[in-house]
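J.: Before I ask anything, let me first share the structure, which is written out below as structure tokens.
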Amino acid sequence: MGSGTTLVEAKLLGRNAVGLDINPQSVLISETNLQFQCKTNSKIFTRNANAADLYFIKDSHIDFICTHPPYANIIKYSKEIDGDISLIELEEFLKQMQKVAEESYRVLKRKKMCAVMMADIRKYGNIIPLGFYVMECFLQAGFINKEIIIKEQHNCRSTDYWENQYTNFLLLAHEYIFVFQK
Numbered sequence: 039m040g041s042g043t044t045l046v047e048a049k050l051l052g053r054n055a056v057g058l059d060i061n062p063q064s065v066l067i068s069e070t071n072l073q074f075q076c077k078t079n080s081k082i083f084t085r086n087a088n089a090a091d092l093y094f095i096k097d098s099h100i101d102f103i104c105t106h107p108p109y110a111n112i113i114k115y116s117k118e119i120d121g122d123i124s125l126i127e128l129e130e131f132l133k134q135m136q137k138v139a140e141e142s143y144r145v146l147k148r149k150k151m152c153a154v155m156m157a158d159i160r161k162y163g164n165i166i167p168l169g170f171y172v173m174e175c176f177l178q179a180g181f182i183n184k185e186i187i188i189k190e191q192h193n194c195r196s197t198d199y200w201e202n203q204y205t206n207f208l209l210l211a212h213e214y215i216f217v218f219q220k
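In short: position in the sequence shown from 1, add 38, done, that's the working numbering.
Structure (structure tokens):
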């Protein structure tokens, strides 16, 4: 759940929501960001958990999933949390994303939607179509792809870093939002 932005929006809209993150620091940040009063009766829950194992959620119990996983090991979100997919190489990352896709499919109600934000990455100057690899994980889990939205990235904090690393390639200036239906 990162810093809890989606949970804040759910609260403002009066929606019930469950946010989870493998990093306990993210859970604390999210809980802090949710400490505001508004005139809604929403129920917001946070949990320190791994999206690859949603044992605490019943089958076909969720109306909508919104997720923005790390992009393999591009930016590390912890130093050594077991199960943190930001610490693993591409092949293992995709195995774990397959588990996330399968658990997402299991907990989502029939005909309901799942949105996944993912970007492509570069390694050794070559493009790796991570977004499409992750899309394939969700399709293999049984989802139907309803939409592919391309989100332009503006004012990214790491742009200056990447511009100074290489001068012979284009910056990756977009992310995909894949909208799936069960």
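Where a beta carbon is used, it is the ideal one built from N, C-alpha and C, also for glycine. It should be emphasised that the depicted structure is a prediction, and the values quoted were computed from it without experimental measurement.
Using only alpha-carbon positions, find the residue among 135, 111, 82 that is nearest to residue 91.
T.: 135
J.: Whole angstroms are fine: how far does the CA of residue 86 sit from the CA of residue 186?
T.: 29 Å
J.: Would you list the one or two residues that DSSP bridges to residue 58?
T.: 85
J.: Taking just the CA atoms, how far does residue 58 sit from residue 65?
T.: 7 Å
J.: Does DSSP put residue 78 in a helix, a strand or coil?
T.: DSSP places residue 78 in coil when its eight states are reduced to three.
J.: Where does the unbroken beta strand (DSSP E) through residue 185 begin, and where does it stop?
T.: Unbroken beta strand (DSSP E) run through residue 185: 182 to 190.
J.: Classify residue 119 as helix, strand or coil using the three-state DSSP reduction.
T.: coil
J.: Quick one: what's got a C-beta closer than 8 Å to residue 189's C-beta in the same chain, skipping five residues either side?
T.: 155, 212, 213, 214, 215
J.: Rank 167, 75, 39 by C-alpha distance to the C-alpha of residue 128 and give the top, closest one.
T.: Of the candidates 167, 75, 39, the one whose C-alpha sits nearest the C-alpha of residue 128 is 167.
J.: Can you confirm whether residue 220, when its beta carbon is compared against all beta carbons of chain D, has any partner nearer than 8 Å?
T.: Among the protein chains of the structure shown there is no chain D, as only one such chain exists.
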